[in-house]
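Counting with mature numbering (1 follows the signal peptide of the UniProt record, and there is no 0), you get residues -19 to -1, 1 to 419 for the letters of the sequence shown.
The beta carbon of each residue, even a glycine, is placed where N, CA and C say it ideally should be.
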Amino acid sequence: MKKLLLAASIICLASAGLAEENPTPVISNSDTEIKLEGFYLFENGYIKQDHLILFDKNVTDNRKKLGFYTEAAFAATIAKTINDVIAGAKIVLQPTTRAKTSTSYNGSHIFIETSYGKVELGSPADASAKLRITGSQVTAGTGGWSRYALLDGQYMRYNGLKSDFDTNASFYLESYSNSFDQINDKAERARRLNFFTPKMKGFQAGVSYTPDTANTGGNRDINNLTLESSGRNGVSVSKTGIKTVKLENNETMTINQNIRDAFSAGLTYEHEISEDADLKLSVTGEYGKPARRLIHAKMDGTTIQVLNTYKLSNLKAYNLGAVFTYGNFSCGASYGNLGKSLTAKEYYKVGRDTYYYNGAVAYGQGPIKTSLEYLKTSRYKNTVDAVSLATEYKIMPGLLPYAEISHFQAKGKPVYYPEAPSKTTRGTVGLIGTKLKF
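The following block contains the structure:
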């Protein structure tokens, strides 16, 4: 704890040195505008968790309990206006630290906007992601406790197989992306087409089409299938959206959760009840067909024998969310259900359903904001419960030091082994950091 307080002092002193007005840089002439925006996060995390074995106790390669984390984003939006038509492009640069992949920053694309709506070409963020409302949208801090927690460590495994857990409110179309070596574990997601209506009497709608979730924005090649590595099973070299799990007797299950012809849509409503009260509502959803089948195979030396293939269920998911603000108080809540999306009973023997719900309350007074959030997820009957208390202080526009403490509990077992005992791990994560936005 002394080390955590020391890190907090260093962060606050560094933040104070930057305390001056820093508006978003904009370069413009009569019909062209260039807007620069960026984000940087420095965070110090401390964790105490039970049932960790050997190197599972390490937060970093050589340190237990304590670790640093950084995240960055930088983007330029160039727009030109002619006869009430706005056309332009957003270019997101790849930083040398881990890239921030939120819908606000992650997304190089072309856009065309008129009085009839906005079209985005090549955007990695779909309509459901941009229009979805969750309880965490009103909170202070980052909600980043799961970066330091280890929910699928050796204690939680059975016959070497990990348990599946969800630690946030996420949908399938947001989760598939390519890898850029060791710089990031994810970057731009699949390319898609988006259309958003203009806001009319508080309503706005959006729809997206994604031909193939494996067709991400950073793949070196458009086609990543080769005869040597893929054969007839459709496992690409990039491994986007694909994982292979090892079972007993040298058997494996290759799970390809990529989607063809995926559609996502959303509808939001904003209403100013009074001068001090606002209400936002949102309903979003996703639908798509599995690109491939689940492959049950056996390894015999260097030879792979396919024992059987199984059909995965279609993607069907939805989210309901609301945010209510009254004066300095805000509260948000959401419920999401993915049903049996992209599962097969031959592998997901313990359970196939996934859902989540979360809620948060926040109070802001001047430069200070404090929030309390609860998250509950259930993935294939494996559950996560987390409570987070956070506070942040706005030193200047865009500069936000914060502190956060979270307690979590995960309970479950590997989905392939219904006979496995259900195990539980608990822990507490403390975070102190600074966010800089411009």
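DSSP beta-bridge partners of residue i
i	result
M377	L380
F419	Bridge partners of F419: none, in fact.
M181	F184
N175	E101 and S189
A246	V188 and G266
Y291	L275
T324	Looking at the DSSP assignment, T324 forms no beta bridge with any residue, so it has no partner.
Rounded C-alpha distance that separates residue i from residue j
i	j	result
R138	F36	15 Å
I413	P382	8 Å
P378	K321	44 Å
R241	A80	27 Å
A278	I15	53 Å
R172	K45	39 Å
I376	I114	27 Å
residue 422	Y328	Outside the displayed range of the chain (-19 to 419) lies residue 422, so it cannot be described from this structure.
A246	L301	12 Å
L370	L417	21 Å
F20	T283	47 Å
K297	G347	42 Å
N149	D12	41 Å
I34	G26	20 Å
E94	Q185	14 Å
T51	D366	25 Å
K326	R333	7 Å
K143	Y398	11 Å
L380	T249	29 Å
S352	N230	50 Å
S104	V368	33 Å
K224	I276	11 Å
T358	N43	31 Å
G183	T324	37 Å
A53	T84	14 Å
G187	T77	33 Å
R128	A391	14 Å
G125	E373	14 Å
L102	L174	5 Å
A180	E18	Strictly speaking, residue 180 in this sequence is Lys, with Ala absent from that position. C-alpha separation (whole angstroms): 24 Å.
P402	M280	28 Å
N309	K61	38 Å
T265	A243	14 Å
Cβ pair residue i, residue j closer than 8 Å
i	j	result
Y291	V331	no
L31	G393	Reading off the sequence shown, one finds Asp at residue 31, where the question assumed Leu. No, these two residues do not count as a Cβ contact at 8 Å.
V410	I28	yes
A343	V40	no
P271	N289	no
T406	L132	yes
A110	F177	no
G88	A106	yes
Residue burial classification, residue i (beta-carbon count within 10 angstroms, cutoff 16)
i	result
Q286	exposed
Q238	buried
G234	First, the residue type needs correcting, since residue 234 is Met and not Gly in the sequence shown. It is buried - the Cβ of M234 has at least 16 other Cβ atoms within 10 Å.
F49	exposed
H252	exposed
T415	buried
S255	exposed
N339	buried
N196	buried
T306	buried
P395	buried
Y337	buried
L22	buried
I236	buried
L74	exposed
Pick from the options that is closest to residue i, judged by C-alpha positions
i	options	result
N363	K404, H388 and N318	K404
D65	F310, K357 and K99	K99
A57	G48, T51 and K71	K71
residue 428	S352, E52, I223 and P192	With the chain running from -19 to 419 in the structure shown, residue 428 is simply not present.
A258	C312, P179 and S104	C312
H90	S96, R170 and Y316	R170
S315	S387, L262 and S352	L262
G141	L174, Q390, T358 and E232	E232
A341	G122, K182, G116 and N309	G116
S387	E354, T78 and T265	E354
T123	Q390, F389 and E385	E385
A130	K61, F389 and L74	F389
Y136	K38, F55 and Y190	K38
I349	I67, G134, G222 and A121	A121
L47	E24, F55, T265 and F146	E24
Distance cut-off 7 Å: residue i Cβ against heavy atoms of the ligand FAD
i	result
K326	The ligand FAD is not part of the structure shown, which contains no ligands of any sort.
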